[in-house]
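Before any comments, here is the structure.
In this note's numbering, the protein residues as written are 8 to 260.
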């Protein structure tokens, strides 16, 4: 469906009216011209750009947490019987596993909407990272299945709220082929995080006999993402927050 519906350029978007197309093309041209006034890394130098690698590590932390919880949440729920003395059938386990993702979708919408109104700022990524870093280990100290799922839901909300805003960062200081190369590199590191999260979490669980150590590792990676985001904002050379307020949109007739 996307193959037939999505287009390559705003000028070809049939779902936009003429005014909206003109506004979008003008906005993109204005952003491109503003970025051209600065010196940007080339495709080759992207591999040695410190800011790009900081973004890689920030993304690594989020994706590590996402995959670790995604893979092992059903196992954690299965452990409720031993931990809390409660038993769920297969259908109940499936429903409980899905619980964190509905609030996460809602949080994603409202957090991104806030970012669109204010302009995306570093705390749109830092706050979710901190929330995830705290909530993951906190789940270990909860005394009921409901409390555990509630805290894990906070983690899911944090991760999913941060990711859409994170992907605006590379194009704030990179353009053209360099931006494409940076996105590809960041995504590759994220895939490594997804691949390694399952193995590391499982290995630590087998070695320690509990999920305490693996959850602390998840929290540690997300805390690292928060710290790196603060450092990137303070010492990086990214441009000012991207203004996406509704006042910039063409007025409806």
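For each residue, glycine too, the CB sits at the ideal point set by N, CA and C. Remember, it's a predicted structure, so these values are computed and weren't measured experimentally.
Opening and closing residue of the alpha helix (DSSP H) in which residue i lies
i           : result
residue 155 : 152 to 173
residue 223 : 219 to 242
residue 100 : 97 to 105
residue 212 : 183 to 215
residue 22  : Run containing residue 22: none; DSSP gives neither H nor E here.
residue 66  : 57 to 85
residue 50  : 50 to 53
residue 9   : 9 to 12
Assigned exposure category for residue i - 16 Cβ within 10 Å defines buried
i           : result
residue 118 : buried
residue 16  : exposed
residue 54  : exposed
residue 66  : buried
residue 184 : exposed
residue 24  : exposed
residue 129 : buried
residue 133 : buried
residue 51  : exposed
residue 218 : buried
residue 215 : exposed
residue 35  : exposed
residue 239 : buried
residue 151 : exposed
residue 6   : Residue 6 cannot be examined here, being either before or after the span of the chain that is shown, 8 to 260.
residue 180 : buried
Distance between beta carbons of residue j and residue i, contact taken as under 8 angstroms
i           : j           : result
residue 62  : residue 193 : 5 angstroms
residue 162 : residue 76  : 6 angstroms
residue 222 : residue 107 : Going by Cβ atoms, the distance from residue 222 to residue 107 rounds to 15 angstroms, so no, they are not a contact pair.
residue 172 : residue 127 : 5 angstroms
residue 137 : residue 146 : With a Cβ gap of about 16 angstroms, residue 137 and residue 146 do not count as contacting.
residue 64  : residue 230 : The pair is not a contact, with the Cβ atoms about 12 angstroms apart (cut-off 8 angstroms).
Beta-carbon spacing of residue i, residue j below 9 angstroms
i           : j           : result
residue 140 : residue 131 : no
residue 71  : residue 209 : no
residue 168 : residue 114 : yes
residue 170 : residue 78  : no
residue 225 : residue 204 : yes
residue 58  : residue 243 : yes
residue 110 : residue 160 : yes
residue 135 : residue 166 : yes
residue 175 : residue 39  : no
residue 32  : residue 21  : no
residue 56  : residue 189 : yes
residue 186 : residue 178 : yes
is_contact[residue i, chain C] using C-beta, thresh 9 angstroms
i           : result
residue 186 : This model lacks chain C altogether; it includes just one protein chain.
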